[in-house]
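Colleague:
Number of protein chains: 2
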Amino acid sequence: MKKQNGSQALERGLGILEAVAEAPPEGLRLTEIAAMCELEQPTAHRLVAALERAGYLARVGDSRRLRLGLRLFQLGSIGGEAGGLADVARPALIRLAAATGDCMFLMVRSGLDAVCLDRQDATYTIHSLTGHVGGATPLGLGTGSMTILAHLPEAERHEVREANRERIRALRHDVPSEAELALVRDRGFYREVNRSVAGIVGAAVPILTPRRRPIAAIAIGATEARLPDERLPAVIEMMQIEARRIEAELNASPSVLASS
Amino acid sequence: MKKQNGSQALERGLGILEAVAEAPPEGLRLTEIAAMCELEQPTAHRLVAALERAGYLARVGDSRRLRLGLRLFQLGSIGGEAGGLADVARPALIRLAAATGDCMFLMVRSGLDAVCLDRQDATYTIHSLTGHVGGATPLGLGTGSMTILAHLPEAERHEVREANRERIRALRHDVPSEAELALVRDRGFYREVNRSVAGIVGAAVPILTPRRRPIAAIAIGATEARLPDERLPAVIEMMQIEARRIEAELNASPSVLASS
DNA sequence: CCATAAATTTCCATATAATGGAATTAATAT
DNA sequence: ATATTAATTCCATTATATGGAAATTTATGG
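As given, the protein sequences belong to chains A and B, one line each in that order. Read in order, the letters of the first sequence correspond to residues 1 to 260 in our numbering. Read in order, the letters of the second sequence correspond to residues 261 to 520 in our numbering.
(1) So the candidates are A:G6, A:L232, A:L57 and A:Q8; which of them puts its Cα closest to the Cα of L30 (chain A)?
(2) Spell out whether any CB of chain A is found under 9 Å from the CB atom of A518 (chain B).
(3) Would you please verify whether the beta carbon of L307 (chain B) is less than 9 Å from any beta carbon of chain A?
(4) Using a threshold of 9 Å, state whether the C-beta atoms of L208 (chain A) and E242 (chain A) are closer than that.
(5) Any contact between the segment 64-80 of chain A and the segment 194-213 of chain A? By contact I mean 3 or more CB pairs, one from each, below 8 Å.
(6) Let me check understanding here. Comparing Cα to Cα, which of B:R473, B:R491 and B:Q268 lies closest to I480 (chain B)?
(7) Under a three-way DSSP split, which group does E484 (chain B) fall into?
(8) Excluding sequence positions up to five away, which residues of its chain have a Cβ less than 7 Å from the Cβ of L257 (chain A)?
(9) In whole angstroms, what separates the C-alpha of M107 (chain A) from that of A294 (chain B)?
(10) Report, in whole angstroms, the separation of the C-beta atoms of E18 (chain A) and V60 (chain A), which I expect to be a contact under 8 Å.
(11) Beta strand (DSSP E) containing R379 (chain B): first to last residue?
(12) How long is the line joining the alpha carbons of E416 (chain B) and A423 (chain B), rounded to whole angstroms?
(13) Within the present structure, is the beta-carbon of E22 (chain A) separated from the nearest heavy atom of the ligand ADP by less than 8 Å?
(14) Under three-state DSSP, which class holds G228 (chain B)?
(15) Measure the alpha-carbon distance for A21 (chain A) versus L307 (chain B) and round it to whole angstroms.
(16) Sorted by chain position, which residues of the same chain lie with C-beta nearer than 8 Å to R505 (chain B)'s C-beta, five sequence neighbours on each side aside?
(17) In chain B, what lies closer than 7 Å to Q120 (chain A) by C-beta?
(18) If distances are taken between C-alpha atoms only, which option among B:M364, B:V453, B:G448 and B:C363 comes closest to L401 (chain B)?
(19) State the Cα-Cα distance for the pair G15 (chain A) and C37 (chain A), rounded to the nearest angstrom.
(20) For the alpha helix (DSSP H) containing R65 (chain A), name the first residue and the last one.
(21) Using a Cβ cut-off of 7 Å, pull out every chain B residue sitting near R71 (chain A), in sequence order please.
(22) Would you mind working out which of A:G69, A:R90, A:L28 and A:G55 sits nearest S63 (chain A), comparing C-alpha positions?
(23) Return yes when the Cβ of L372 (chain B) is within less than 9 Å of the Cβ of P398 (chain B), no when it is not.
(24) Short of 9 Å Cβ to Cβ, which residues in the segment 307-322 of chain B face chain A?
(25) Quick check on L39 (chain A): buried or exposed, where buried means 16 or more other Cβ atoms within 10 Å of its Cβ?
(26) Look at the alpha carbon of A86 (chain A) and the alpha carbon of F365 (chain B), and state the distance between them as a whole number of angstroms.
(27) Just the Cα atoms here: how many angstroms apart are R109 (chain A) and A150 (chain A)?
(28) Going by C-alpha distance, which of A:V160, A:D186, A:L152 and A:M239 is nearest R213 (chain A)?
(29) Name, please, each residue of chain B whose Cβ falls closer than 9 Å to the Cβ of P317 (chain A).
(30) May I have the straight-line CA-CA distance separating L51 (chain A) from G13 (chain A), to the nearest angstrom?
(31) What do you get for Q380 (chain B), buried or exposed, if any count of 16 or more other CB atoms within 10 angstroms of its CB means buried?
(32) Which value, in whole angstroms, describes the spacing of the CA atoms of A9 (chain A) and L328 (chain B)?
(33) K2 (chain A) CB to nearest chain B CB: under 9 Å?
(34) Just how far apart, CA to CA, sit L356 (chain B) and V495 (chain B)?
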């Protein structure tokens, strides 16, 4: 009875997907789904049936447990193209990973989050915040995420900071201040020591539209030993050169920039 | 007015996702979506709004056109794990790609389709039916797809053949006969010359449960020159060894087998 | 730059489709 | 076997999605 958008059933269905997504890989039983989504059993059953018919949910093995279906994987690999960004950026990521010997990430904005769209490992494999491709972190937490946030237009930046304050607090971090964000814009990159995983540092540079709206960020993850202050400028420069190259290609192609 | 499952709104919403998925990367406008899905404009608008709020749809650039959102990419990369199958199989695919120098695919069943869950290229890059990770082909068309179909229980096999007959016809191919499928089961592998792309051959072996239900297939794609009849047995044997290895690992792990 | 057309968005009375309580059936646990 | 819990079906009720109409915004072209 909270709000009536005229799409309760759809939103409930999507809510079920979200619940199943967060669940462990053994999957969820119908009862659990109903409980988590605050639905009555028959309601949950109907929606689950529809999602299963469509391939958005699938049974685990031959049990009755439910996990995400492969149709989502298919749609995801279409949606993940994000207007060709991943394809355009991949060679750059590979070059950077090879040149630095470290771990490179392509982060793009999706609503209030930054999503890891691609990742290229070289010699050293790093545990980042987002970790894997498809992982997400609230805008403002993590280097790539921070860099994207810093380049959002002021009004939007404020909205996002407010919206993510509690989420980031819950992760025992803080929303970056406007001063910090301004610094990121001025410097053209952001570096931080990972507060979650000791000994890990990250840095990121933005990929911008001609009007300097952020599309994405290239981030590096490495151990402190491998990315000392002396080495940073050279690495950042390489990353910036590749970012410019990607920007140029995106502008050249009649294609399409990601947003929202 | 066809059937009333009690989830019209949800199914319509998912239908919109399917429509957008098939659309070119420039995205669809609301009018087009409404037309394709046979919805009234306001209805389409409401559903689209809900999908956009949830990140399942996103605007293209700053236009009003819609494409799939990154939330689908995130969910997809969770759903794509398919109970750990991709992770378990990846080393095997890499080994095979390296050993053969050709292109290896991991295909899994999803409803009436076989979906390409992973792909490892070696020296030679091949244009397969499914092409890319996330691509799908109707069960019965393509080597991996064919192999999975061949190992389905009889009743299910029939259902799928009937269900896919028209789809496969539309692609100017034929549903395999029961005799062909029996042959695949007996031989333990399937080889064919690609009828769509000249000079390309494929072959596939199944990954089965202990009860011999098909989970997935490993497929190879190569040029005729690179995969002549003399070489085939050796390659098939390698693939079968890796398939056995994957089966063993899947049984060992308390984990989870894909299905649906 | 303004006029016109087209697409998008909002509004709301109506009817239909989703809802959830109760009962049934199936699957586990004891 | 029996008890317990979960999954599914049924159906009367009403909350919810629906779509016609209108307002608004955006695109088009004169």
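For each residue, glycine too, the CB sits at the ideal point set by N, CA and C. The model shown is predicted, which means the values in this text are computed figures rather than measured ones.
Modeller: Once the coordinates are examined:
(1) The shortest C-alpha separation from L30 (chain A) is found at A:L57.
(2) Its pLDDT being 41, under 50, A518 (chain B) is placed unreliably in this model, and the value from its coordinates should be taken loosely. Output row for A518 (chain B): interface = yes.
(3) Taking CB atoms only, L307 (chain B) has a neighbour in chain A less than 9 Å away.
(4) Not closer than 9 Å, so no.
(5) Contact between the segment 64-80 of chain A and the segment 194-213 of chain A is absent, because fewer than three Cβ pairs lie under 8 Å.
(6) That would be B:R491, whose Cα lies nearest to the Cα of I480 (chain B).
(7) E484 (chain B) falls in the coil class under three-state DSSP.
(8) At L257 (chain A), the pLDDT of 46 sits below 50, so the modelled position is not reliable; the number obtained from the coordinates is stated separately. Counting only residues of its own chain and dropping the five nearest sequence neighbours on each side, L257 (chain A) has a CB closer than 7 Å to the CB of G83, T209, I215 and L250.
(9) Each residue's Cα considered, the two are about 32 Å apart.
(10) Not quite, the Cβ-Cβ distance comes to about 18 Å (not below 8 Å), so this is no contact.
(11) For R379 (chain B), the enclosing beta strand (DSSP E) stretches over residues D373 to Q380.
(12) For E416 (chain B) and A423 (chain B), the gap between their C-alpha atoms comes out near 10 Å.
(13) As presented, the structure is devoid of all ligands, the ligand ADP included, so that no description of it is given.
(14) Outside the displayed range of chain B (261 to 520) lies residue 228 (chain B), so it cannot be described from this structure.
(15) Spanning the two alpha carbons is a distance of roughly 21 Å.
(16) Result list for R505 (chain B): A352, in chain order.
(17) Chain B residues near Q120 (chain A): none, gap ~15 Å exceeds 7 Å.
(18) Considering only alpha carbons, the answer is B:V453.
(19) Going by the C-alpha atoms only, they are around 7 Å apart.
(20) Per DSSP, R65 (chain A) belongs to no alpha helix (DSSP H) and is neither H nor E.
(21) Neighbours of R71 (chain A) in chain B, taken as residues whose beta carbon is under 7 Å from its own, are S370 in chain order.
(22) Distance from the Cα of S63 (chain A) is smallest, within the candidate group A:G69, A:R90, A:L28 and A:G55, for A:L28.
(23) Going by C-beta atoms, P398 (chain B) is nearer than 9 Å to L372 (chain B).
(24) Residues of the segment 307-322 of chain B with a C-beta less than 9 Å from any C-beta of chain A: L307, A309, A310, L311, E312, R313, A314, G315, Y316, L317, A318, R319, V320, G321 and D322, listed in chain order.
(25) Flag for L39 (chain A) reads buried.
(26) Their Cα atoms are separated by approximately 21 Å.
(27) Between R109 (chain A) and A150 (chain A), the C-alpha separation is close to 12 Å.
(28) Selected option, being the one with the closest Cα: A:L152.
(29) What the structure shows of chain A is the stretch from 1 to 260, and residue 317 (chain A) is not part of that stretch, so it cannot be assessed.
(30) Cα to Cα, L51 (chain A) sits roughly 8 Å from G13 (chain A).
(31) It counts as buried.
(32) The straight-line gap from Cα to Cα measures roughly 20 Å.
(33) Low per-residue confidence applies at K2 (chain A): pLDDT is 43, beneath 50, and the placement is therefore not dependable, though the value from the model is reported in the following sentence. Among the residues facing chain B, K2 (chain A) is not included, as its CB has no counterpart in that chain under 9 Å away.
(34) Approximately 9 Å between the Cα atoms of the pair.
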